[in-house]
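Peer 1: Chains as they are written, first to last, in my numbering: chain U, 746 to 973; chain X, 746 to 973.
For glycine and all other residues, C-beta sits at the position ideal for the given N, C-alpha and C.
Being a predicted model, the structure only gives us computed values, none of them experimental.
The following block contains the structure, expressed as structure tokens.
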């Protein structure tokens with residue numbers, strides 16, 4: 746019996762007919778770490794699902810715990826009433842800039858995008874639902890949960906948390922300059938116009954007493970340059 | 746025969762079983778102008794489609810001409826080989842900030858999102874394809890097309906442009922402060938952390954001659970605060 750050491754192979758999602766990258770595979774990755782890094786940097790995801798053959802794409806916030814992706818919504822929504830046990834595709838995308846080249850079809854976008862496949866499940870039980878929501882809050886706004894008015898049972902009953910195990914996933918990304926430096930004789934400007942998304946300060950609600958300032962962890966998040 | 750003057754009623758997409766907003770309908774709109782304004786402000790969209798019952802969600806750039814939405818891709822992609830004539834759902838989403846309330850489930854996101862339904866078609870013919878790509882470029886980067894190296898036939902043959910008539914569409918959005926001012930007695934900070942996406946200057950590709958500066962329309966776009 747031999748013991749193999751883990752390799753990247755062990756930490757990658759499988760290439761299947763569904764997830765295999767057809768177009769520009771050199772821009773792609775199946776590594777867990779690459780997928781998670783896009784997921785964790787994205788403020789929202791787009792959940793794709795099918796009802797009676799019709800595709801729907803719903804934006805929502807998400808959070809991740811290990812290889813599970815979580816999201817939530819009202820129990821009244823179209824999506825949540827029909828999606829338990831359904832196949833979903835969840836995509837997180839970040840745009841990093843426009844890439845302007847010397848010819849129209851060499852123009853591009855710098856971006857990072859993760860496409861993930863799995864089966865949606867509803868978190869069962871009020872306690873488990875509350876624990877999942879706490880994970881969500883703790884990930885976004887550390888130390889905040891315990892400072893809030895406690896969650897009420899009727900609020901939990903009106904909320905569904907969904908999760909899926911990430912079965913297959915791919916990341917595609919592009920960065921850097923235009924790819925047609927060999928056409929530099931064309932007398933036109935070429936380069937990158939970076940696009941940046943930032944948390945831009947804070948705006949205290951008018952009814953908050955003056956004695957209550959912005960908590961340190963929130964100030965830290967805003968100063969960090971991260972979005973979450 | 747009477748002539749009725751147009752009203753908002755005439756300029757709204759129909760409410761159908763597919764598009765009717767179930768959750769928080771007061772946050773929603775079916776007006777053409779509201780849908781178009783989110784579409785035109787979004788740097789990218791997410792296209793949802795179904796292959797053998799499996800949903801896929803692909804991010805891509807889009808452009809709009811009247812009530813038609815356009816997007817493009819390589820003829821080699823999974824999507825484009827199968828999507829002609831297929832039902833798609835295209836969603837554009839912009840996040841404007843985190844909304845922090847006094848209780849966990851009153852936390853929210855300020856956002857704008859348009860969900861649109863239609864049938865995908867491929868633009869037929871090289872001339873028509875080139876014209877559509879020119880519309881795309883003209884919308885993003887005015888005056889740029891004529892300064893570029895002309896598009897080659899082989900490039901056009903490797904590119905597909907898709908379009909759909911927007912048959913049904915809804916916009917949902919939220920803005921402003923947390924909704925639980927009545928719980929201001931809870932001693933915790935509440936307010937909004939705005940999220941902003943901006944074009945952050947320009948980075949000239951290293952091989953561009955020093956004599957070629959950033960064109961005026963690009964400088965104008967960057968200075969405008971718009972993303973496109």
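Out of U:816, U:838, U:836 and U:839, state which residue places its alpha-carbon closest to the alpha-carbon of residue 828 of chain U.
Peer 2: Measuring from the Cα of residue 828 of chain U, the nearest candidate turns out to be U:816.
Peer 1: Mind checking whether the beta-carbon of residue 902 of chain U lies closer than 6 Å to any heavy atom of the ligand MG?
Peer 2: As for the ligand MG, it is missing from this structure, which has no ligand bound.
Peer 1: Would residue 756 of chain U be called buried (16 or more neighbouring beta carbons within 10 Å of its own) or exposed?
Peer 2: Exposed, since its Cβ has fewer than 16 Cβ neighbours within 10 Å.
Peer 1: Enumerated in chain order, which unbroken segments of the alpha helix (DSSP H) with a length of 4 residues or greater are wholly contained in the stretch 806–845 of chain U?
Peer 2: The stretch 806–845 of chain U contains these whole alpha helix (DSSP H) runs: 823–827.
Peer 1: In the DSSP assignment, the beta strand (DSSP E) including residue 939 of chain U goes from what residue to what residue?
Peer 2: Looking at the DSSP string, the run of the beta strand (DSSP E) that includes residue 939 of chain U is 936–944.
Peer 1: Who are residue 917 of chain U's beta bridge partners in DSSP?
Peer 2: U:773 and U:858.
Peer 1: Would you tell me roughly how many angstroms separate the C-alpha atoms of residue 782 of chain X and residue 789 of chain X, rounded to the nearest one?
Peer 2: Roughly 13 Å separates the two Cα atoms.
Peer 1: Is residue 801 of chain U helix, strand or coil by DSSP?
Peer 2: DSSP places residue 801 of chain U in strand when its eight states are reduced to three.
Peer 1: Against chain U, does residue 882 of chain X count as a neighbour if the rule is that its beta carbon must be under 7 Å from one of theirs?
Peer 2: By this cut-off, residue 882 of chain X is an interface position.
Peer 1: Classify residue 780 of chain X as helix, strand or coil using the three-state DSSP reduction.
Peer 2: The answer is helix: DSSP assigns residue 780 of chain X an H, G or I state.
Peer 1: Between the stretch 831–845 of chain U and the stretch 929–943 of chain U, are three or more C-beta pairs nearer than 8 Å?
Peer 2: With a cut-off of 8 Å, the stretch 929–943 of chain U and the stretch 831–845 of chain U count as touching, because enough Cβ pairs lie within range.
Peer 1: Kindly list the residues whose CB is nearer than 6 Å to the CB of residue 959 of chain X, restricted to its own chain and excluding five residues on each side of it in sequence; keep chain order.
Peer 2: Excluding positions up to five away in sequence, the list reads 947.
Peer 1: Establish whether the CB of residue 748 of chain U and some CB of chain X are separated by less than 7 Å.
Peer 2: Any reading at residue 748 of chain U needs caution, since the residue's pLDDT is 42, under 50, leaving its predicted position unreliable; the model's value is listed next. Residue 748 of chain U does not count as touching chain X.
Peer 1: Do you know whose CA, among U:919, U:770 and U:777, lies nearest residue 759 of chain U's CA?
Peer 2: The shortest Cα separation from residue 759 of chain U among U:919, U:770 and U:777 belongs to U:777.
Peer 1: Nearest chain U C-beta to residue 808 of chain X closer than 7 Å, yes or no?
Peer 2: No, residue 808 of chain X lies away from the interface with chain U (no Cβ there is under 7 Å from its Cβ).
Peer 1: Under a three-way DSSP split, which group does residue 735 of chain X fall into?
Peer 2: Here chain X comprises residues numbered 746 to 973, so residue 735 of chain X is not present and cannot be evaluated.
Peer 1: Between which two residues does the alpha helix (DSSP H) containing residue 796 of chain X stretch?
Peer 2: Segment 790–796 is the beta strand (DSSP E) holding residue 796 of chain X; no alpha helix (DSSP H) there.
Peer 1: At what residues does the alpha helix (DSSP H) containing residue 902 of chain X begin and finish?
Peer 2: Counting along the chain, the alpha helix (DSSP H) containing residue 902 of chain X begins and ends at 898–902.
Peer 1: How would you list, in chain order, the residues of chain X whose beta-carbon sits under 7 Å from the beta-carbon of residue 801 of chain U?
Peer 2: Under the 7 Å cutoff, chain X gives 793 and 834.
Peer 1: What residue does the alpha helix (DSSP H) around residue 884 of chain X start on, and which one ends it?
Peer 2: Start and end: 871–885.
Peer 1: Starting from residue 947 of chain X, follow the alpha helix (DSSP H) in both directions and report where the run begins and ends.
Peer 2: Taken as a continuous stretch (DSSP letters only), residue 947 of chain X belongs to no alpha helix (DSSP H), as it is neither H nor E.
Peer 1: Would you mind giving the Cβ-Cβ distance between residue 906 of chain U and residue 863 of chain U, rounded to the nearest angstrom? I have them listed as a contact below 8 Å.
Peer 2: Contact doesn't hold; Cβ gap of about 15 Å is too wide.
Peer 1: Indicate the three-state DSSP secondary structure (helix, strand or coil) for residue 863 of chain U in the structure shown.
Peer 2: It is a strand residue.
Peer 1: Tell me which same chain residues have a C-beta within less than 8 Å of the C-beta of residue 931 of chain X, skipping the five on either side of it?
Peer 2: Within the same chain, residue 931 of chain X has close Cβ partners 847 and 848.
Peer 1: Chain X beta carbons: is any one of them nearer than 7 Å to that of residue 772 of chain U?
Peer 2: Closer than 7 Å: no.
Peer 1: Ordered along the chain, which non-local residues of its own chain (more than five positions away) have a Cβ less than 7 Å from that of residue 882 of chain U?
Peer 2: Contacts found: 889 and 890.
Peer 1: Quick one: what's got a C-beta closer than 7 Å to residue 856 of chain X's C-beta in the same chain, skipping five residues either side?
Peer 2: Correct list, in chain order: 838, 839, 840, 841, 918 and 919.
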